[in-house]
Amino acid sequence: MKNQTAETKDLIEKKLLNLPIDVKGFVEKNVTPYYGDDSFLEGPTTRTNELWQVCLDAMLKEREKGGCLAIDTETISSITSHKPGYINKELELIVGLQTDELLKRAMKPFGGIRVVEGAVAERGLKVAEEVLNVFKHTSDHNNGVFSAYDDEIKQYRSLGILTGLPDNYARGRIIGDYRRLALYGADELIKAKKRDLKAVTGVLSEHKIRLREEITSQIKALKDMVILGNSYGLQLNRPAASAREAIQWLYMAYLAAVKEQDGAAMSLGNVSNFMDIYIEKDLAAGVITETEAQELVDQFVMKLRMVRHLRPGAYDDIFGGDPTWVTEAIGGQFNDGRTKVTKTSFRFLQTLYNLGASPEPNLTVLWSQDLPEGFKKFCGKVSIDTSSIQYENDDLMRETRGSDDYGIACCVSYQELGKRIQFFGARTNLPKTLLMALNEGREEISGTKVLKDILPLEGEYLDYELVMENFKKSMSQIAEVYSRAMNIIHYMHDRHYYEKAQLALIDSDPGIDMAYGAAGISIIADSLSAIKYAKVKPVRNEDGLTVDFIVEGDYPKFGNDEDSVDEIAAYITKYFSEELAKHACYKNARPTLSLLTITSNVMYGKKTGATPDGRKAGEVFAPGANPMHGRDTNGAVAALSSVAKLDYKDALDGISNTFSIIPKSLGSAREEQIENLTRLLDGYFELGAHHLNVNVLDRETLMDAYENPEKYPQLTIRVSGYAVNFTRLSKAHQMEVITRTFHDSL
Amino acid sequence: MKSETITRSGNLMADLQKSELLRVHSIETFGTHDGPGIRLVIFVQGCQFHCLYCANPDTISIEGGTLMRIDEIVEKAKKQKPFFGKNGGVTISGGEPLLQRAMLSELFLRLRKEGIHTTLDTNGKVIDKQTKQLLETTDLVMLDIKHINDDWHHKITRLSNVNTLKFAEYRESTGKPMWLRYVLVPGYSDQEEYLHQLGKHFKDYKSIQKIEILPYHQLGMHKWEALGWKYELEDVKSPDIASLKKATDILQQYFKEVSVG
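Each protein sequence line maps, in turn, to chains F and C.
Just so we're aligned: the first sequence equals residues 1 to 746 in UniProt numbering.
Just so we're aligned: the second sequence equals residues 1 to 261 in UniProt numbering.
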């Protein structure tokens with residue numbers, strides 16, 4: 001494989017010096033949309049297989065050592081902190097590791113030295129004195145936040161009304177436009193930043209002073225990237241000039257970010273069609289073959305799978321499975337009507353076959369009604385085979401947000417690349433908020449008085465109007481405290497743990513979305529529906545706190561396409577969103593809201609008392625905006641239709657929905673399964689829904705459900721004209737289902 | 001018990017007729033096994049047959065279920081249109097839909113006006129004027145043949161297959177599409193000679209697009225227990241791959257498409 005062709009050089013030169021920086025324009029002009037099927041794809045090379053085996057072995061050792069292979073306790077991680085590391089230098093086409101050894105974790109203590117100390121201690125190690133000494137002379141994000149938090153915020157936090165706030169870990173969610181380093185090279189980017197710095201002049205407001213400091217630190221980060229590149233023998237100062245270089249440069253930019261930061265989610269963006277331009281050029285010039293093109297993508301993705309952050313055990317309680325959320329958005333359409341699907345979109349998905357299924361990188365297909373049929377089919381196939389794809393509504397996001405050049409921050413959030421960023425804010429517990437509305441403003445478990453002016457609810461049964469009035473008051477007060485906490489958090493994060501590597505690859509004064517969140521919307525909808533359409537009698541303890549609710553009669557439940565209850569969910573979302581929007585944000589950020597829990601729905605449930613929908617104390621919440629387990633009794637289309645009624649405009653940070661199914665429930669023959677899955681996605685998104693995580697359960701998962709049925713309360717098995725909840729069958733019949741589900745030969 | 005149910009069903013159904021109500025057991029909005037594409041499947045309540053292996057014995061009694069207005073069902077189907085694509089639509093299954101055939105004619109008529117594809121999953125036990133009327137608005141018939149031999153048919157369902165075969169003959173005469181469905185029960189419906197007989201009986205039917213083999217399963221057994229009924233096929237296993245293959249091979253000699261559901 002040669003490094004450069006005359007064509008690519010020519011192509012790059014034409015684009016160069018054509019500032020302002022415009023990656024979007026470059027992609028639009030040079031991309032080759034692909035309308036065909038998956039027949040061109042190639043399997044892994046021997047080299048890829050050998051290299052991946054080294055990674056698999058290392059991951060096995062990592063598991064054996066309790067999930068963490070090694071920690072460098074001597075060094076504060078930075079872009080230039082570590083010597084180059086390799087998986088196997090001979091076999092690697094794309095190089096670069098976070099530390100000098102595969103899977104060795106580095107300390108990034110500016111989020112909070114105490115958390116890092118704790119995480120290191122959990123592994124029986126100790127942070128070097130030298131490192132600890134640094135923090136005798138300086139502060140960190142965690143320290144900064146708590147020096148500014150008021151008592152009320154602390155109370156909200158300790159009672160679990162606001163949870164998971166990034167006040168002792170890095171906020172993440174910012175997506176650097178990593179393509180910039182490949183397209184322009186560091187020298188040009190530094191020049192551009194210097195021009196920006198020069199332009200920040202005149203009467204210096206606080207904003208301008210801060211901006212000057214930020215740009216200066218970004219320039220430093222770009223210089224550090226060049227040093228990082230040099231250590232691997234790469235000249236990142238200049239633009240990439242081949243497919244291999246473009247992928248390598250881009251990876252180096254991402255590597256710089258994950259060496260400096262350990263944000264909860266650090267997405268990659270939308271890089272596949274950018275890479276495709278270089279790959280197409282090299283393929284056309286005969287410099288590489290399809291096998292080699294796939295090999296480059298496989299090796300790049302392999303690197304992304306090896307990204308690790310040092311986390312404390314408590315972190316895993318909220319975000320199970322040591323996730324890094326290297327989210328890559330694939331597909332979608334250009335606003336000019338062409339598809340953004342390229343052959344490299346396919347190549348990215350093909351890595352799930354070549355390297356095996358994996359949750360990372362978090363491959364997210366931007367679904368449009370207009371996507372080429374060949375790509376839709378391939379997505380359906382990959383979903384069924386690997387369960388490793390999630391889907392988001394590209395038509396809806398482009399229409400609502402404007403730009404067609406965007407990535408997905410963390411799990412579900414739209415982020416225009418290089419132009420806007422996001423301030424992550426975890427979420428508030430809505431069911432707990434409702435319970436405070438029923439308990440005169442007291443938290444339901446401790447009895448602590450939290451909210452003001454919440455009138456007692458007298459009478460045997462709950463009155464819908466009175467409950468609503470109290471609930472709205474509660475949401476208003478919570479929105480105000482939430483907003484205060486968020487402003488403090490992001491002010492301090494900028495001050496102590498500024499993402500200079502990522503922001504060096506973003507416009508100097510970007511737009512910002514303040515990303516608020518809410519958990520438990522389906523419990524709210526069902527609770528209010530129960531109060532409205534059935535009779536709900538609260539059971540109170542001697543202190544007058546609700547400990548249980550008796551529901552008399554039936555009521556419409558969220559997840560059955562019943563407007564009467566679905567409208568309640570939509571209304572509360574809108575109301576809470578509007579309450580949040582009443583408060584001014586740090587850096588003039590624009591408030592947005594997500595209905596998303598990731599895996600924290602279990603933890604929220606444990607810490608929340610019984611709710612008026614009949615849910616018992618401690619019972620888990622449904623994830624994201626999902627209907628509550630077992631209450632959607634009319635099948636998947638009805639459940640999806642309910643979620644689709646939540647208005648994206650009221651939850652611009654995203655509305656998450658997880659859909660689990662076994663392959664047979666999608667249809668009998670494989671062709672039917674693919675067809676029905678793509679049709680389901682078309683239908684769901686046509687209704688204006690935002691996100692769908694598709695979980696096609698494999699044999700292994702069903703075996704796990706057989707062993708641990710409590711983990712799968714909503715697993716439904718469908719065969720001809722018949723549906724049953726898996727956990728209700730006897731062991732013998734569960735086994736029969738497993739056998740039956742997977743005897744798909746013939 | 002059975003005959004009593006049937007007598008009573010006659011009156012009950014007449015009452016329903018006037019009020020435009022259907023007696024419905026349950027609804028599945030993501031039906032992927034009861035007709036082409038994604039389907040809204042309405043499982044109606046009540047059946048004349050009492051099949052030994054019935055997977056939905058709770059649909060047999062005519063008295064259970066809930067009453068739904070047909071305009072409600074039409075509304076549901078209209079809402080679900082984005083999911084239907086070019087293949088999907090509404091399937092009426094059961095229970096046995098023909099017990100409520102007059103009302104279903106009205107329902108299918110309205111669905112058709114909305115451009116929605118209609119499928120009837122039936123045992124074909126009733127073939128009269130009203131059934132014929134219903135078939136006019138039925139885009140696809142899925143006819144369940146329990147057994148081609150009448151003695152075995154009795155053993156399995158307690159009733160005869162004569163009407164079912166007449167039903168098939170009538171559908172054939174209309175020239176409109178039909179699928180056959182055949183539950184393969186080891187020891188009951190997997191005899192080679194009868195599979196050949198089934199094939200021979202239908203081989204010249206032009207309306208039959210395919211035959212679906214539905215492998216017997218015991219997933220409905222817990223429902224029998226819940227009803228306090230004895231499940232007689234407790235010891236009968238699902239057909240193994242070899243016997244499914246054998247049945248497929250035989251039927252392929254007579255039908256242009258054989259699938260396993």
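Cβ atoms here follow ideal geometry from the backbone N, Cα and C, with glycine treated the same way.
These numbers were taken from a predicted model, which means no experiment stands behind them.
CB contact flag (residue i, residue j, <8 Å)
{"i": "residue 685 of chain F", "j": "residue 395 of chain F", "result": "yes"}
{"i": "residue 32 of chain F", "j": "residue 276 of chain F", "result": "yes"}
{"i": "residue 601 of chain F", "j": "residue 620 of chain F", "result": "yes"}
{"i": "residue 609 of chain F", "j": "residue 445 of chain F", "result": "yes"}
{"i": "residue 334 of chain F", "j": "residue 404 of chain F", "result": "yes"}
{"i": "residue 257 of chain F", "j": "residue 249 of chain F", "result": "no"}
{"i": "residue 625 of chain F", "j": "residue 521 of chain F", "result": "yes"}
{"i": "residue 560 of chain F", "j": "residue 642 of chain F", "result": "yes"}
{"i": "residue 103 of chain C", "j": "residue 20 of chain C", "result": "yes"}
{"i": "residue 679 of chain F", "j": "residue 261 of chain C", "result": "no"}
{"i": "residue 364 of chain F", "j": "residue 265 of chain F", "result": "no"}
{"i": "residue 80 of chain C", "j": "residue 109 of chain C", "result": "no"}
{"i": "residue 421 of chain F", "j": "residue 488 of chain F", "result": "no"}
{"i": "residue 262 of chain C", "j": "residue 90 of chain C", "result": "There is no way to answer for residue 262 of chain C, as the model of chain C reaches only from 1 to 261."}
8 Å Cβ cut-off: residues of chain F touching residue i
{"i": "residue 37 of chain C", "result": "675, 676 and 679"}
{"i": "residue 79 of chain C", "result": "561 and 641"}
Amino acids of chain C, ordered along the chain, whose beta-carbon sits closer than 8 Å to that of residue i
{"i": "residue 271 of chain F", "result": "Under the 8 Å cutoff, chain C gives no residues; its nearest Cβ is about 32 Å from residue 271 of chain F."}
{"i": "residue 729 of chain F", "result": "219 and 222"}
Beta-carbon neighbours of residue i, restricted to chain C and to distances below 9 Å
{"i": "residue 733 of chain F", "result": "217, 218, 219, 221 and 222"}
{"i": "residue 668 of chain F", "result": "32, 33, 212, 259, 260 and 261"}
Close Cβ partners of residue i (< 6 Å) along its chain, the five nearest in sequence each way excluded
{"i": "residue 528 of chain F", "result": "568"}
{"i": "residue 133 of chain C", "result": "105"}
Helix, strand or coil at residue i [DSSP, three-state]
{"i": "residue 256 of chain F", "result": "helix"}
{"i": "residue 288 of chain F", "result": "coil"}
{"i": "residue 52 of chain F", "result": "helix"}
{"i": "residue 215 of chain C", "result": "strand"}
{"i": "residue 153 of chain C", "result": "helix"}
{"i": "residue 20 of chain F", "result": "coil"}
{"i": "residue 429 of chain F", "result": "strand"}
{"i": "residue 196 of chain C", "result": "helix"}
{"i": "residue 88 of chain C", "result": "coil"}
{"i": "residue 55 of chain C", "result": "coil"}
{"i": "residue 555 of chain F", "result": "coil"}
{"i": "residue 33 of chain C", "result": "coil"}
{"i": "residue 68 of chain C", "result": "strand"}
{"i": "residue 182 of chain F", "result": "helix"}
{"i": "residue 549 of chain F", "result": "strand"}
Contact set between residue i and chain F, taken where Cβ atoms lie within less than 9 Å
{"i": "residue 230 of chain C", "result": "The contacting residues do not exist; residue 230 of chain C stays about 17 Å from chain F at best."}
Own chain residues within Cβ distance below 7 Å of residue i, not counting five before or after
{"i": "residue 115 of chain F", "result": "142, 168, 169 and 312"}
{"i": "residue 136 of chain C", "result": "none"}
{"i": "residue 706 of chain F", "result": "734, 735 and 738"}
{"i": "residue 451 of chain F", "result": "436, 441, 474 and 477"}
Amino acids of chain C, ordered along the chain, whose beta-carbon sits closer than 7 Å to that of residue i
{"i": "residue 687 of chain F", "result": "82"}
{"i": "residue 258 of chain F", "result": "Near residue 258 of chain F there are no residues of chain C at all, since even the closest Cβ is about 40 Å away, more than 7 Å."}
{"i": "residue 665 of chain F", "result": "32"}
{"i": "residue 791 of chain F", "result": "Residue coverage of chain F in this structure runs from 1 to 746, which leaves residue 791 of chain F outside it and unanswerable."}
Cutoff 8 Å; reference residue i; Cβ partners in own chain excluding five residues on either side
{"i": "residue 59 of chain C", "result": "25, 43, 44, 45, 46, 47, 65, 94 and 95"}
{"i": "residue 672 of chain F", "result": "666"}
{"i": "residue 23 of chain F", "result": "177, 179, 180, 183, 274, 405, 417 and 418"}
Beta-carbon neighbours of residue i, restricted to chain F and to distances below 7 Å
{"i": "residue 46 of chain C", "result": "The premise fails here: residue 46 of chain C is roughly 15 Å from chain F at the closest Cβ pair, so nothing lies under 7 Å."}
Any chain B beta carbon closer than 8 Å to residue i
{"i": "residue 696 of chain F", "result": "Protein chains in the displayed structure are F and C, and chain B is not among them."}
So within the region 459-532 of chain F, which uninterrupted alpha helix (DSSP H) runs reach at least 4 residues, ignoring any that extend past its ends? If we require 4 residues or more, the alpha helix (DSSP H) runs fully inside the region 459-532 of chain F come out as 464-496 and 500-503.
Please list the segments of the beta strand (DSSP E) lying wholly inside the UniProt domain "Glycine radical" (623-746) of chain F, counting only runs of 3 or more residues, in order along the chain. Secondary structure in the UniProt domain "Glycine radical" (623-746) of chain F: the beta strand (DSSP E) runs of 3 residues or longer, each lying completely within the stretch, are 658-661, 691-696, 716-719 and 722-725 in chain order.
So within the region 89-132 of chain C, which uninterrupted alpha helix (DSSP H) runs reach at least 4 residues, ignoring any that extend past its ends? Listed in chain order, the alpha helix (DSSP H) runs fully inside the region 89-132 of chain C are 101-113, counting runs of at least 4 residues.
Threshold first: 3 residues or longer. Then list the beta strand (DSSP E) segments lying entirely within the region 306-370 of chain F, N to C. Runs of the beta strand (DSSP E) inside the region 306-370 of chain F: 327-331 and 362-367.
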